[in-house]
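Comments concern the structure below.
In our numbering, the protein residues as written are 255 to 442.
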């Protein structure tokens, strides 16, 4: 499903599983995952978790603190109502007092849940954040770098030099089959 839907790395089941295995204070958390099946084919997932804070159970994206963006993961050829049905399943199961789904891209499928057909369970928050997402068809980092303006390349080099003063700096792309636990433990 993750490949069919063109999912973000933060939607990969390995990412969510690694987060769950390494998350601190697990006794204050519970997973709330909705699955949409079409026969024996998985067509949708919404990976959520609750966090108990001051006695209130807050529903949020699973692995939220280690993810840039959250959204339901739905196969492109699935029923257009799949996101609504996934949400309704999680909502009906309960186990939470407050819903906090932030960090949505403008094209996130869960935006459909904000419409009048879904009642008042979800309301948009007017807080905005700047997205620094880097996405493109580049095969290598050097290709991306060459698309930057002269000033952009200078700023990148300056920032990199500043970070290298604190120690060696390495960039690496994780393979889809590579375990995420060590990465999550390091950035936690």
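Even for Gly, the Cβ is constructed at its ideal location relative to N, Cα and C. Nothing here was measured: the structure is a model prediction, and the numbers come from that model.
Whole-angstrom distance between residue 322 and residue 284, CA atom to CA atom: Residue 284 and residue 322: Cα-Cα distance of roughly 21 Å.
Short Cβ contact (8 Å threshold) for residue 310 with residue 346: Going by C-beta atoms, residue 310 is not nearer than 8 Å to residue 346.
Simplified DSSP assignment, three categories, for residue 301: Strand.
Whole-angstrom distance between residue 393 and residue 298, CA atom to CA atom: One C-alpha to the other measures close to 29 Å.
Anticipated Cβ contact below 8 Å, residue 367 with residue 341, distance rounded: Confirmed, Cβ separation roughly 5 Å.
Cβ pair residue 362, residue 259 closer than 8 Å: Contact flag unset, no.
For residue 409, three-class secondary structure by DSSP: Correct three-state label for residue 409: helix.
Identity of the residue in 406, 302 and 327 nearest residue 317 by Cα: Residue 302 holds the alpha-carbon nearest to the alpha-carbon of residue 317 among 406, 302 and 327.
Those residues which DSSP pairs with residue 290 across a bridge: For residue 290, the pairing in a beta bridge is given by DSSP as 298.
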